[in-house]
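Student: This is the structure I have questions about; it appears just below.
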Amino acid sequence: MPYGSARIRARLLIPLSLAILLLLAGIFTSVYLLQKNHDTNENLEKIAALGELLPSLLADKAGLMEA
Numbered sequence: 058m059p060y061g062s063a064r065i066r067a068r069l070l071i072p073l074s075l076a077i078l079l080l081l082a083g084i085f086t087s088v089y090l091l092q093k094n095h096d097t098n099e100n101l102e103k104i105a106a107l108g109e110l111l112p113s114l115l116a117d118k119a120g121l122m123e124a
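The numbering used here numbers the first residue of the sequence shown as 58 and each following residue consecutively.
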């Protein structure tokens with residue numbers, strides 16, 4: 058009966074390994090998308106802060122050039 062035992066083992070291991078691979082792929086995809094979203098939000102906040110800072114810096118530089 059070793060052949061039957063190997064057959065049962067293969068019938069269990071193949072779906073189990075596929076399920077584990079799908080779970081790992083889902084986890085890695087989720088982590089990638091969350092990190093990408095976090096980086097995008099962080100960059101948008103920095104761009105907004107620079108947009109607020111730029112006019113005051115330009116006014117300061119213009120004042121220095123007039124003096």
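Note that the Cβ used here is the ideal one computed from N, Cα and C, for glycine as well.
By Cβ distance, which residues of its chain are closer than 6 Å to Ala76, with the 5 residues on each side in sequence left out?
Tutor: Excluding positions up to five away in sequence, the list is empty.
Student: Alpha carbon to alpha carbon, how far is Arg64 from Leu81?
Tutor: So the alpha carbons of these two residues sit roughly 26 Å apart.
Student: Alpha carbon to alpha carbon, how far is Leu101 from Gly108? Give it in angstroms, no decimals.
Tutor: Roughly 10 Å between the two C-alpha positions.
Student: Report the rounded CA-to-CA distance for Pro112 versus Leu121, giving the unit in angstroms.
Tutor: Answer to the nearest angstrom: the Cα atoms are 14 Å apart.
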